[in-house]
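Protein chains in written order, with our numbering: chain A, 1341 to 1801; chain B, 1341 to 1801. Cβ atoms here follow ideal geometry from the backbone N, Cα and C, with glycine treated the same way. Model, not experiment: these values are computed from the prediction. Notes to accompany the following structure.
There are 2 protein chains.
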Amino acid sequence: MEFEYDGPSMKTEVPGPRSKVLNHTESLYNVGAINFFCNYEESRGNYLVDVDGNRMLDVYTQISSIPIGYPAEFPMFTSFSSQSAFVNRPALGIMPPENFPEKLAESLLSVAPSGMSRVQTMACGSCSNENAYKAMFIWYRNKERGHNIPSDEDVSSCMINQSPGCPDFSILSFMGGFHGRTMGCLATTHSKAIHKLDVPSFDWPIAPFPKLKYPLEEFTRENAQEEARCLEEVEDLIVQWRQKGRPVAGIVIEPIQAEGGDNHATPDFFKKLRNIAHKHGSAFHVDEVQTGGGATGKFWAHEHWGMDDPADIVSFSKKMLTGGFYHKDELQADKAYRIFNTWMGDPSKNLFLAEVLNVIRRENLLEEVTRSGKTLLQGLYQLQDQYPNLLSSARGQGTFCAIDIRDDATRNSILLKARDKGVLLGGCGDRSIRFRPALVFKEYHVHMFLNVFSDVLAEHN
Amino acid sequence: MEFEYDGPSMKTEVPGPRSKVLNHTESLYNVGAINFFCNYEESRGNYLVDVDGNRMLDVYTQISSIPIGYPAEFPMFTSFSSQSAFVNRPALGIMPPENFPEKLAESLLSVAPSGMSRVQTMACGSCSNENAYKAMFIWYRNKERGHNIPSDEDVSSCMINQSPGCPDFSILSFMGGFHGRTMGCLATTHSKAIHKLDVPSFDWPIAPFPKLKYPLEEFTRENAQEEARCLEEVEDLIVQWRQKGRPVAGIVIEPIQAEGGDNHATPDFFKKLRNIAHKHGSAFHVDEVQTGGGATGKFWAHEHWGMDDPADIVSFSKKMLTGGFYHKDELQADKAYRIFNTWMGDPSKNLFLAEVLNVIRRENLLEEVTRSGKTLLQGLYQLQDQYPNLLSSARGQGTFCAIDIRDDATRNSILLKARDKGVLLGGCGDRSIRFRPALVFKEYHVHMFLNVFSDVLAEHN
């Protein structure tokens, strides 16, 4: 990424005329959500260029999924062996390519969370969580049985979806959480009704996620009380669901609830939650699909908790370019073909990830993120002092920041105005804006963003 | 694919020493199912080369997922704009690349099933089916309501996984069917216990799939009776589940049950089933993840039914290189972000698919498949006449063929022996072998395969 543009440059409103024409293909594709069409060949670094020639500072990065900005090219394409990796997509679970273990070691395993030496790749975030849940169910059932040999009744009943073969286990999740949209994941997603409406679900326990006051360090006492309340509720739910005959095989949580509104909790909360999981024999699954990959200033957001044994399972996707999950040894499925599908990921994505990790290390991007993040949060604090009727609850770790806007309508107006001025942002929760720049977002990008944002706010005050 | 090898060439048993060494990375990865490691750079056309230099005629093709054999390279890598497509993975649902509608038209939409002009891409087969089910639930619920405006109770109850927001709808599936392994899909998968054990499921109806006698044309009367029995059961189940308060929103079926043992049914069965779905107001979902892409001699297996309106939804993956589903207009979700995720497929796979479809057309590969398939099935009939105690029920469409072996142990021994002689095959069901060559499997490959297979059978007689 040698070359980057020197700032936004807007030629039309967004979406511009060319984007609008392309969006007439609506009859052909499910495009209800399409914002505009892009020219990825011209996009570079922190700048996304659209098909009307508008160049925007990208503080949303494809729903937080572009790790190091828009690259011009990767040297890997020149080698024949890499081309082979792109063209010959293997069934990774049965016939992996020769360099797969090596590439796994160079990429995913080189950033494995504390206490985990195993990883399973998957094609996307939802599949990662689905399979992580299955790994927890299998583990829990073997623990409950005391051995891993299913009874004849297990085998026959599971074929017709009935207990005991398909046991009434549950996953405990949190209100406001987002873990994906396939049916297992969706039963643990509680961020917005539009995601869940009309889809059958499971009777699984849902705990309150702490509603904290920001900045966290100014409200330690109230926040500690709120966290204690939620933890108590978690234990109550675990007991209730066990009594109902639907024991909690696992607890799933995001280190920062992202889609649900960038809701934070303290390291103390997560430590206690992890202990509760342990105490009740439930697996502890940390979903780092959005928080993982460096945006919080540490490679994994859970590193901020300072624990040697933070989780039993950590799932990822987005910035990691491939989906998947790390797990402790005991969460390894006991037999082949239990956690399995045809592709099980895509080895070409591991090649990209190895390159991305090299760049992160070489350019000390986690330090960069920490530095930019401080400047960003400081800027948000100042703006919220300046516009107390408009802004509140600035919060963040690294550049993984957010701020609340007076109301939903104002929030949406701000997002559109900022875009027309060349800054691309995303919303989350009811009335928050989330900041999700790439790891190459430097302090001068922060200042550029704050200038535009300040102008937009002035128009809304 | 200019150059191909002239036959298998075996240097070691399989897995060979190099594969065994690599498999010691078991501690790092879930490799319980790994057969051997491959050298994809040396693999060409119908031949898979492993890391020990063994070159095998591939009649399994990565669980039926390689459409036109192992290519040496694709010209697309030389152009900068294509490199951009590989490196810059967009969030397709909100910011697609400029050429996306065009590439979609050139690739997926150019082979859309009869009556369908819409397609939704997804990253894998399971996600495709999960989202297809959601589309059916949304459609069914709006039909039931008479409009698409959820009540306040719908909105609040869905957030906690409860009815009416998360209604008790069901999907009717068939015993022996396979539709994937995420939790929604898994509730409709009934091929092997190992896929389902220990995972919670839904109380959804499961109908018997016809157990027919082969060759179908010799047992038309018995087979018609068996199909009538199954269809009657389908209607009974639909009524029962409606009475239970779990109405059947959709019926899902494979045109040929693949993983479950290559079980066929007649066009008459599928026509009547489609009518039953219509009569009871259920959507009809044809899962072509394994059957689609040309292996039956038609691009979609359901084309053999000769219907103008074969389905409401057709899902695909594997040979199509990207997952996804086609659907009729009325199955389009009524609002944005209902069928959605971050990636929604991978546009680089559409580029490959466009190239693959060009090759299929230019080289008339569907005709090739029909020709090779006839020779293959004829050969299997002859072998089954020759070894009546060993083989039975040879069956197939195009090269999508299978044969039953005396018992599971013999089947597995045959698979291993054939592999050591340089022919790679896969099993399915309890005791079947499934043939899944690429579309470039020509008549002389069939003869080469039959020679080896014949030798292996002679050893087992």
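For residue 1768(B), there are no neighbours in chain A by C-beta distance under 8 Å, as the nearest C-beta there is about 13 Å away. Here residue 1390(A) is bridged, per DSSP, to 1378(A). Taking the Cβ atoms as the reference, residue 1642(A) lies roughly 17 Å from residue 1476(A), outside the contact range of under 8 Å. DSSP, read as helix, strand or coil, puts residue 1456(B) in coil. Residues of the same chain with a CB within less than 8 Å of the CB of residue 1748(B), apart from the 5 flanking positions on each side, are 1770, 1771 in chain order. A residue is called buried when at least 16 other Cβ atoms come within 10 angstroms of its Cβ; residue 1784(A) does not meet this threshold and is exposed. Take residue 1680(A), set aside five residues on each side of it, and the residues of its chain with a beta-carbon closer than 8 Å to its own are 1433, in chain order. For the pair of segments examined, the region 1665-1682 of chain A was found to touch the region 1458-1476 of chain A: the number of CB pairs separated by less than 8 Å reaches three. Interface annotation, residue 1520(A): in contact with chain B, CB-CB separation under 9 Å. Interface residue (Cβ-Cβ distance to chain A less than 9 Å): residue 1753(B) is not classified as such. C-alpha of residue 1713(B) to C-alpha of residue 1411(B): approximately 22 Å in a straight line. Close to residue 1506(B), with beta-carbon spacing below 7 Å, are these residues of chain A in chain order: 1536, 1539, 1540, 1541. Between residue 1430(B) and chain A, the shortest Cβ-Cβ separation is below 9 Å.
For residue 1740(A), not one C-beta of chain B is nearer than 9 Å to its own C-beta. The C-alpha of residue 1576(B) lies about 50 Å from the C-alpha of residue 1438(B).
For a cut-off of 8 Å, the C-beta gap from residue 1408(B) to residue 1699(B) is around 5 Å, short enough to register as a contact.
At least one beta carbon of chain A lies nearer than 9 Å to the beta carbon of residue 1546(B). The three-state reading of DSSP puts residue 1607(A) in helix, counting H, G and I together. Taking all protein chains shown into account, residue 1560(B) has fewer than 16 neighbouring C-beta atoms within 10 Å of its C-beta and is therefore exposed.
In the pairwise beta carbon analysis, the region 1633-1640 of chain A is classified as touching the region 1703-1723 of chain A: at least three pairs are separated by under 8 Å. Neighbours of residue 1678(B) in chain A, taken as residues whose beta carbon is under 7 Å from its own, are 1534 in chain order. Shown here for residue 1774(A): same chain residues with a beta carbon closer than 6 Å to its own, the five before and five after excluded, namely 1602, 1742, 1766, 1768 in chain order. With fewer than 16 other CB atoms across the displayed protein chains lying within 10 angstroms of its CB, residue 1704(B) is exposed.
The beta carbon of residue 1683(A) sits closer than 9 Å to some beta carbon of chain B. Counting only runs of 3+ residues, the beta strand (DSSP E) found wholly inside the region 1692-1772 of chain B occupies 1731-1737, 1740-1745, 1766-1768, in chain order.
Rounded to whole angstroms, the Cβ separation of residue 1609(B) and residue 1550(B) is 6 Å, and the two are in contact under 8 Å. Interface residue (Cβ-Cβ distance to chain B less than 9 Å): residue 1357(A) is not classified as such. For the region 1376-1408 of chain A, residues whose beta-carbon sits nearer than 7 Å to a beta-carbon of chain B comprise 1376, 1377, 1378, 1379, 1380, 1381, 1383, 1391, 1402, 1403, 1405. Following the DSSP letters along the chain, one finds residue 1792(B) in no beta strand (DSSP E) but inside the alpha helix (DSSP H) bounded by residues 1783-1800.
By a beta-carbon distance limit of 8 Å, residue 1523(A) does not contact residue 1536(B). Their separation comes to about 14 Å.
Residue 1372(A) reaches chain B at 1675, 1676, counting residues in chain order whose Cβ is nearer than 7 Å.
For residue 1535(A), the three-state secondary structure derived from DSSP is helix. Residue 1399(A) and residue 1463(A) have their alpha carbons spaced roughly 25 Å apart.
Residue burial annotation: residue 1695(B) is buried, with at least 16 other C-beta atoms found within 10 angstroms of its C-beta. Rounded to the nearest whole angstrom, the CA to CA distance from residue 1547(B) to residue 1480(B) is 20 Å. In the DSSP assignment, residue 1597(B) forms a beta bridge with 1603(B).
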